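Numbering (my numbering), first residue to last: 1 to 587. Every residue gets a Cβ at the ideal spot worked out from N, C-alpha and C, and that includes glycine. No experiment lies behind these values; they were computed from the predicted model shown. Have a look at the structure below before the remarks.
This is the structure in structure tokens:
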């Protein structure tokens with residue numbers, strides 16, 4: 001099928017498919033015999049279906065992006081891009097259903113209503129880092145991938161935050177206003193600055209931007225203490241920064257703090273009155289990340305008492321802030337800018353090009369980069385992990401058939417070299433296939449499967465196994481409900497992906513096909529009884545695998561068939577003496 005779809009993408013094949021209809025006239029068709037007309041109608045329906053597979057993807061760009069990004073989209077033969085900037089919400093709702101992908105900056109609000117109306121939407125690309133304007137829960141529920149461009153404005157934002165620190169320490173904005181206002185001498189006396197050399201800098205969030213800020217601060221001979229739950233000690237040592245285990249530890253004794261974390265419920269007001277009090281007298285606060293990270297009321301109170309000297313802010317809890325904002329009454333060590341962190345020619349160019357490339361590649365090849373709601377995977381990695389993704393799909397479907405209803409947890413474990421790779425997409429594939437097979441009340445896909453699992457109360461766990469096994473590499477999926485546990489395993493033998501364990505019994509079966517799985521008493525004649533029933537039903541056996549649990553006195557018989565069994569045959573097998581359970585599954 002994959003080769004067939006690839007072939008369909010060639011224009012020559014599409015043209016050849018269209019040729020039989022080149023001379024088609026409705027009036028002649030109406031006078032044709034009913035059988036001919038039915039054939040023609042069916043053929044035309046098939047042609048239109050195949051044609052739809054290769055129709056260009058439609059992309060809506062609703063916020064301004066780089067002209068080079070626009071050119072990238074327009075240059076691709078399988079993409080049609082529409083540029084409709086500044087759409088009112090109601091107009092966006094009325095047209096979004098026509099598009100496969102959407103590109104936004106921060107102006108367009110992608111709300112639950114937008115996702116509900118976007119029946120064809122597969123991806124949203126954000127030209128920038130923050131995705132506050134995109135409802136992630138709605139994206140997950142509707143199976144839409146959300147991608148951002150985390151590297152495009154890294155340097156721009158780091159430089160702006162660093163500039164705010166310097167400007168705030170030295171009263172640059174106030175001094176400038178004094179000069180152009182004719183108060184040169186008085187401004188010179190009023191605005192004594194703070195030297196940064198040797199000061200302790202707390203960086204909350206050591207991602208790309210925080211790391212770039214640290215490099216610049218080190219050049220200023222500042223001592224850096226960083227907090228980031230994902231920063232390892234070895235990486236901190238490599239970057240020559242002290243690693244704090246909590247925000248409180250990082251802020252204690254700090255002369256300056258700069259924030260570089262996303263805005264979530266957990267990080268809202270991460271800098272509050274209590275934490276501000278941990279900083280040194282006369283400290284500075286810098287925020288070029290997201291409004292809401294700072295309790296602005298507490299910050300104003302700390303500045304009024306003199307404990308905090310001042311602040312440099314590019315973002316605010318409410319944007320645009322009111323002209324009567326309390327912080328705007330301060331008269332020393334303040335610098336305010338209107339969300340300019342990413343506003344450089346280079347950054348705008350970079351994020352516009354990156355988001356266009358990501359959406360283009362997703363529409364053209366399915367490649368996913370910088371997704372925030374599912375694992376990213378490029379073509380090389382997909383090819384490398386392809387066999388294991390196929391195994392994952394088979395394991396999930398099989399568990400849905402043999403496992404209990406309403407399970408408590410699903411654990412995916414890895415053994416051997418595969419455990420050293422990025423297994424996020426493999427785990428997601430197990431979960432998605434399990435939910436697809438276990439539920440029939442709605443669409444499940446690789447994007448929304450974690451949200452659906454959460455709604456079901458199904459805990460998903462990923463782990464690594466170091467114990468010895470029969471195989472050098474293994475993917476294990478285990479379903480639990482209370483004290484009950486059901487597990488299946490798969491591996492690659494040679495170049496062939498195989499399922500090698502069902503319910504802790506070793507088997508060896510394909511990962512695709514129609515199977516009869518029977519657990520029965522371990523006694524002579526059982527395989528013959530089952531085979532007789534299949535023969536009576538004229539069901540052809542393609543392969544057979546047996547597993548035994550001698551201590552339990554049971555055995556597992558897995559039979560690959562040419563086609564699924566009828567329900568009447570399944571019922572007969574289940575009633576056969578010695579059969580504990582029997583189920584059919586198509587992988």
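The beta-carbon distance between residue 358 and residue 370, rounded to whole angstroms, is 6 Å. This is short enough to meet the 8 Å contact definition. Here the alpha carbons of residue 277 and residue 306 stand approximately 11 Å from one another. With 16 or more other CB atoms across the displayed protein chains lying within 10 angstroms of its CB, residue 251 is buried. Three or more pairs of CB atoms, one per stretch, sit closer than 8 Å, so the stretch 254–270 contacts the stretch 286–298. For residue 464, the three-state secondary structure derived from DSSP is strand.
Residue 573 carries a helical assignment under DSSP once its states are collapsed to helix, strand and coil. Per the coordinates, the alpha-carbon of residue 308 lies some 19 Å from the alpha-carbon of residue 223. Contact between residue 518 and residue 579 holds, with the beta-carbon distance rounding to 6 Å and staying under 8 Å.
Between residue 137 and residue 263, the beta carbon gap of about 15 Å keeps them out of contact (Cβ cut-off 8 Å). When DSSP states are grouped into helix, strand and coil, residue 176 belongs to the helix group. Comparing C-alpha distances from residue 428 to each of 529, 437, 400 and 396 shows the shortest one belongs to 396.
A straight line joining the alpha-carbon of residue 421 with that of residue 388 spans about 11 Å. With distances taken between CA atoms, residue 338 lies nearest to 321 out of 410, 321, 234 and 274.
Taking residue 535 as reference, the option from 513, 559, 246 and 367 with the minimal CA-CA separation is 559. Three or more beta-carbon pairs drawn from the stretch 101–111 and the stretch 62–78 are found closer than 8 Å, and the two stretches are therefore classed as touching. At a Cβ-Cβ threshold of 8 Å, residue 124 and residue 102 count as neighbours. If you ignore the 5 residues before and after residue 412, its C-beta comes within less than 6 Å of the C-beta of 427, 430, 462 and 477, all in its own chain and listed in chain order. Your pair residue 143 and residue 445 checks out as a contact, with CB atoms roughly 4 Å apart and the cut at 8 Å. If you look at residue 359, you'll find it in the alpha helix (DSSP H) that goes 345–365. For residue 566 and residue 574, the gap between their C-alpha atoms comes out near 13 Å. The three-state reading of DSSP puts residue 238 in helix, counting H, G and I together. For the pair residue 326 and residue 221, the Cα-to-Cα distance works out to about 33 Å. Straight through space, the alpha carbons of residue 160 and residue 154 are spaced by roughly 10 Å. The three-state secondary structure of residue 328, taken from DSSP, is helix. Annotation for residue 162: the continuous alpha helix (DSSP H) segment containing it runs 154–169.
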